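Beneath this line is the structure, given in structure tokens, with notes to follow.
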Amino acid sequence: MQLTVWTYEGPPHVGAMRIATGMEGVHYVLHAPQGDTYADLLFTMIERRQKRPPVTYTTFQARDLGSDTANLFKSAVQDAYDRFQPQAILVGASCTAELIQDDPGGLAEALHLPVPIVALELPSYQKKENWGAAETFYRLVRTFAGPHALAPGAKRAPRAAERRPSCNLLGATALGFRHRDDGAEIIRLLASIGVDVNVAAPMGATPADLARLGDADFNVVLYPEIAGPSAKWLEKAFAQPCTKVVPIGVGATRDFIAEVGALANIDVSTMLDAEQSRLPWYSRSVDSTYLTGKRVFIFGDATHAVAAARIAAEELGFTVVAVGSYSREFARDIRDAAQKYGAEALITDDFLAVEQHIQALQPELVLGTQMERHIAKRLKIPCAVISAPVHVQDFPARYSPQMGFEGANVIFDTFVHPLMMGLEEHLLGMFRDEDGEFSDTAVPSHLAASGAAPILVMPQAVPSADAITLDWAPEAQKELGKIPFFVRGKARRNTEKFAAERGLPRITIETLYDAKAHFSR
Amino acid sequence: MIRERGQREVFCGLTGIVWLHRKIQDAFFLVVGSRTCAHLIQSAAGVMIFAEPRFATAIIDERDLAGLSDANAELDRIVAQLLERRPDIKLLFLVGSCPSEVIKLDLSRAALRLSRDHAPGVRILNYSGSGIETTFTQGEDACLASLVPEMAPEATDAAPSLLVVGALADVVEDQFKRLFAALGIGPVQFLPPRRAADLPAVGRKTTYILAQPFLGDTARALDDRGATRIDAPFPLGAEGTSLWFGAAAAAFGIDPAHVESVLAPARDRAMRPLSRYRLALKGKRIFFFPDSQLEVPLARFLSRELGMKLVEVGTPYLHREHLAADLALLPDDVVLSEGQDVEKQLDRCRAQNPDLVVCGLGLANPLEAEGLTTKWSIELVFTPIQGFEQAGDLAELFVRPLARRTKLVA
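Here the protein sequences come in this chain order: W and L. The first sequence begins at 83 in our numbering and counts up one residue at a time. The second sequence begins at 3 in our numbering and counts up one residue at a time.
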């Protein structure tokens, strides 16, 4: 057993859901107890999807245990097929159903549905979310592209001279950190160097699209955690080479372009000569001098952590003090990156260990996931988010890729803003004690002429005409303290206004609630 | 009355931890389960998890599945590690999950063993929050039921006392305390208490009143200890709260004239905002998907005090005895549904095209995208809604999505 406060990754069936939800025409029937439907709201709330994930759960309960669960599963598959008419059905078990050992694959096959059934074996007690996503995508790719595979040992026919080179874009899923915009950015980048995208998958693809994967000349692996096994298999089955560089950061994007040029056998030198990102100039401008040597702690999935380390060290001039990841499968990449930048490597999925590490190293900037954001907040260290898991604010409405040249612009802003804000706050704090203009008791300069009262940090200390005559009974004061802090000020103002209007000399609990009743819309 | 079985789009009882750990301030909740359980709680708890949470998960791995004796030793190690880290904890709940129940890990025995090992500083109890046994708020029921055997027997010369059962926001609890004092009812105690050491005593002189509708097992456990339940509608809205306090006062033989003099000002105050919200909600048609078992009393409040029309009132489980008073106040033609087949229920909902749909977060945005207006239900469990002073807030929760829909131009 492992004591866990926070988990960086969900169980593997959530990874499978990310594939099913990203794709079109696939339905996933999950043998799972009541309650596992919680995972739906990751998609409907965090990613704000407008449709329910294409997942049917058996939601068995204690009374169903025994012989009934297998039938429950079969009828769930049949109902899901009848209702949604998918092109393919994924079937599998969540952690509890894995223990009761019904056989989802066999049970679904026995129904003889007219669409392919893809049975998933996702060992919940060993593996995690990203592994589940990678395995699911791999199973789907094999099922649909497999029948078109080249004969063993056969070579790909060379690309016809008149045809533009094409590639598949592999790895973007539902609930992926900036996957939506990364996909768009890389499609645009490839188009600009004359490469077409044959299939982008799993996000947006249908099973029929997967069957066409072999038509491309090579594969672009956007997220190795998810597309790695599929790309490896495609390499074997279709002799399609794949990219190794993930284009996050200016340097990596340039390396990526060179790599694509080699794979597509086209000249990309004009593309490499043109400066396409503002990051290099912004980073060279004198305003950025203070960034030099800032000590930065990096943690996330392996792909984003390694990319962030390169940007931090080579493009922003930070000092990387640690590179860490919860992706154990990529421990070697993390160690290599750490060694390259003379930093510590940290491979762990234990949130408390990451916290201790940050505390011990006392960096000036933390680049991490949602969890590191909160650790940094507690330790009062500036922080930016570079990797999943992330919360709703990191599925933004605006265009915000991480990849490509626009991604580099986004990253520059994202990494530097918290430092600027941190600096601003620090300066204000420093001057508050010594400099009259910044002190709590100072009148805002633009209001001085009007004779305005100073804005104090503690709102209850605001002197006003009413406050002199109004008297808060101690128990009313206490009751006010129970109101959440973000509406407390409003409640106090309303109550005092209410009391003043009625000429009440003393505010009691009754007054507080009378005022609340009065002002509620 | 519709009774359905099929896919249920509901939370499991583990979710109760998210509010229970805020209520009992020196208790810790250790789920014994899988990564899914940990992921569920962290998804449900949102950002709350970072304020040094008093809950965690002991994640079972493949080595634990190999042999049960091993799992017990592992659990002992984890509990020791946890208590060392958190010496302020006085009460530790081992919370059962689907995986721990399916592998038949005996957590009640583990709780006894660990209580012995860590006595007298820490008491260790056990209950199940698994999805196979419990739906959402039933996790609180299971937790409170596990506390009942821990309550001391009342003294032989004890005066009649009142026990209010069900976790309420502190601000609501304090309002209720003041009203009971004004009515002349006392001593009054609350289950769960704010601190583990303040667990009230129980016995034949104890009369209890439920503040929440989902406490079937807890009520049964209190009955077994000799306590007597007061039957009342649940304290939602001006009417519901009046009837609830009225029932308690009647059980304590308080003069009805005195009761009226105490309740009238608070009730009148509660009705002022309600009369305004009634303008916005009157005649609007509302559909409830099952979630918390609060649906029936909420439907009663919305139909009687705000004039809403009930299209369908879904509940995960209907405790007919505890909800008798609320059911009696519902309109005669109400469509109740117990259990769920979510796809069929969605079909009914779309066909009815209600003005407002109360549902979970997995359904809310998809239904909004289809053009329906929704009120997500979990907020009704986390927000203070009981009592006179919150009646307006409760109504406003239903007004807001409708008002928003009319405000947005694009």
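C-beta: ideal position from N, C-alpha, C; glycine also. Bear in mind the structure is a predicted one, so any value in this text is a computation, not a measurement.
Given that residue i touches chain W, what residues does it touch there, using C-beta distances under 8 Å?
i: Cys-100 of chain L; result: Pro-115, Gly-117, Cys-177, Thr-178
i: Gln-1 of chain L; result: Chain L is shown only over 3 to 412; residue 1 of chain L falls outside these bounds and no answer can be derived.
i: Val-97 of chain L; result: What Val-97 of chain L touches in chain W: nothing, since even the nearest Cβ is about 13 Å away.
i: Ile-105 of chain L; result: Leu-181
Going by the DSSP bridge assignment, what does residue i pair with across the sheet?
i: Ser-36 of chain L; result: According to DSSP, which records beta bridges pairwise, Ser-36 of chain L is partnered with nothing at all.
i: Asp-263 of chain W; result: None, per the DSSP bridge assignment.
i: Ser-130 of chain L; result: L:Gly-98
i: Tyr-110 of chain W; result: W:Val-137, W:Leu-172
i: Arg-125 of chain L; result: L:Leu-93
i: Trp-246 of chain L; result: Its beta-bridge partners do not exist; DSSP assigns none.
i: Ala-427 of chain W; result: W:Val-405
Which chain L residues are close to residue i, counting only those with a beta carbon under 7 Å from its beta carbon?
i: Lys-579 of chain W; result: Correct list: empty, because the minimum Cβ distance to chain L is about 17 Å.
i: Arg-64 of chain W; result: Absent from the model: residue 64 of chain W. The displayed extent of chain W is 83 to 603, so no value can be given.
Under 7 Å Cβ-Cβ, which residues of chain W neighbour residue i?
i: Phe-13 of chain L; result: Gly-117, Tyr-120
i: Gln-44 of chain L; result: Trp-88, Thr-89
i: Thr-59 of chain L; result: Thr-86
i: Gly-364 of chain L; result: Thr-119, Asp-122, Leu-123, Thr-126, Arg-134
i: Thr-139 of chain L; result: What Thr-139 of chain L touches in chain W: nothing, since even the nearest Cβ is about 13 Å away.
First and last residue of the alpha helix (DSSP H) that includes residue i?
i: Arg-222 of chain L; result: 218-226
i: Leu-304 of chain L; result: 297-308
i: Val-173 of chain L; result: 172-185
i: Tyr-46 of chain W; result: As displayed, chain W neither begins before 83 nor continues past 603, which places residue 46 of chain W out of reach and without an answer.
i: Asn-212 of chain W; result: 211-227
i: Val-12 of chain L; result: It is not in any alpha helix (DSSP H) - Val-12 of chain L carries neither H nor E in the DSSP assignment.
i: Tyr-90 of chain W; result: Taken as a continuous stretch (DSSP letters only), Tyr-90 of chain W belongs to no alpha helix (DSSP H), as it is neither H nor E.
i: Thr-335 of chain W; result: 332-346
i: Phe-477 of chain W; result: Premise fails: Phe-477 of chain W is in no alpha helix (DSSP H) and is neither H nor E.
For residue i, go through chain W and note every residue whose CB falls closer than 9 Å to its CB, in chain order.
i: Arg-322 of chain L; result: What Arg-322 of chain L touches in chain W: nothing, since even the nearest Cβ is about 19 Å away.
i: Asp-63 of chain L; result: Met-83, Gln-84, Tyr-207, Gln-208
i: Ile-134 of chain L; result: Pro-115, Gln-116, Gly-117, Phe-142, Gln-143, Ala-144, Arg-145, Asp-146, Leu-147, Thr-178
Along chain B, which residues have their Cβ under 7 Å away from the Cβ of residue i?
i: Asp-66 of chain L; result: No chain B appears in the structure shown, which is made up of the protein chains W and L.
What does a CB cutoff of less than 8 Å around residue i pick up in its chain, not counting 5 residues either side in sequence?
i: Val-403 of chain W; result: Arg-377, Val-378, Phe-379, Ala-425, Glu-426, Leu-443, Pro-445
i: Gln-542 of chain W; result: Summary for Gln-542 of chain W: the model assigns pLDDT 42, below 50, so the residue's position carries little reliability; its value from the coordinates is reported in the next sentence. Excluding residues within five positions, the ones whose Cβ falls inside 8 Å are Arg-574.
i: Pro-168 of chain W; result: Gly-107, Val-108, His-109, Pro-136, Ala-162, Val-197
i: Leu-276 of chain L; result: Gly-239, Ala-240, Glu-307, Leu-308, Ala-393, Gly-394, Ala-397
i: Phe-601 of chain W; result: Asn-576, Phe-580
Within the same chain, show all residues whose beta-carbon is closer than 7 Å to that of residue i, passing over the 5 residues directly before and after it, in chain order.
i: Ala-419 of chain W; result: Val-388, Ala-391, Val-405
i: Ser-132 of chain L; result: Cys-14, Gly-15, Gly-98, Ser-99, Cys-100, Glu-103
i: Arg-280 of chain L; result: Leu-308, Gly-309
i: Glu-267 of chain W; result: Pro-483, Met-485, Gly-486, Glu-488, Gly-489
i: Arg-224 of chain W; result: Trp-315
Looking only at its own chain, which residues have a Cβ that is under 6 Å from the Cβ of residue i, when we skip the five neighbours before and after it?
i: Thr-230 of chain L; result: Thr-209
i: Ile-275 of chain W; result: Val-350, Met-353
i: Asp-431 of chain W; result: Tyr-90, Tyr-408
i: His-386 of chain W; result: Ile-468, Ser-469
Residues of chain L with CB under 8 Å from residue i, in chain order?
i: Val-332 of chain W; result: Simply none; closest approach about 33 Å.
i: Gly-92 of chain W; result: Arg-37, Thr-38, His-41
i: Arg-130 of chain W; result: Asn-367
Following the continuous beta strand (DSSP E) through residue i, name the residue where it begins and the one where it ends.
i: Ala-58 of chain L; result: 57-61
i: Gln-191 of chain L; result: 190-193
i: Asn-355 of chain L; result: Where Asn-355 of chain L is concerned, there is no enclosing beta strand (DSSP E), given that its DSSP letter is neither H nor E.
i: Lys-311 of chain L; result: 311-317
i: Ala-330 of chain L; result: Here Ala-330 of chain L belongs to no beta strand (DSSP E); instead the alpha helix (DSSP H) covers 326-330.
i: Leu-404 of chain L; result: Careful: Leu-404 of chain L lies outside any beta strand (DSSP E), inside the alpha helix (DSSP H) at 393-409.
i: His-321 of chain L; result: No beta strand (DSSP E) contains His-321 of chain L, which DSSP labels as neither H nor E.
i: Phe-320 of chain W; result: From DSSP, Phe-320 of chain W is part of no beta strand (DSSP E) but of the alpha helix (DSSP H) over 306-320.
i: Arg-414 of chain W; result: Looking at the DSSP string, Arg-414 of chain W is not in any beta strand (DSSP E); the run it does join, the alpha helix (DSSP H), is 413-422.
i: Ile-288 of chain L; result: 287-290
i: Tyr-210 of chain L; result: 208-212
i: Ser-377 of chain W; result: Correcting the residue identity first, residue 377 of chain W is Arg in this sequence and not Ser. 377-382 is the extent of the beta strand (DSSP E) around Arg-377 of chain W.
Give the residues of chain L in contact with residue i, contact being defined as C-beta atoms less than 9 Å apart.
i: Lys-564 of chain W; result: Ala-171, Asp-172, Val-173, Asp-176
Just to check, is the beta-carbon of residue i closer than 7 Å to a non-hydrogen atom of the ligand GTP?
i: Ala-425 of chain W; result: Because no ligand of any kind appears in the structure shown, any question about the ligand GTP cannot be addressed here.
Handout entry: Residues of the segment 419-443 of chain W whose Cβ lies closer than 9 Å to any Cβ of chain L, in chain order
Key = Contact annotation: in the segment 419-443 of chain W, residues whose CB is within less than 9 Å of a CB in chain L are Leu-434.
Practice task
Mind checking the segment 70-90 of chain L against chain W and listing, in chain order, the residues whose C-beta falls within less than 8 Å of any C-beta there?
Solution key: For the segment 70-90 of chain L, the set of positions with a beta-carbon nearer than 8 Å to some beta-carbon of chain W reads Ala-73, Glu-76, Leu-77, Arg-79, Ile-80, Gln-83, Leu-84 in chain order.
Exercise for the section: Using a Cβ-Cβ cut-off of less than 9 Å, give me the residues of the segment 152-179 of chain L that come near chain W, in sequence order. Expected result: Residues Ala-171, Asp-172, Val-173, Asp-176, Gln-177.
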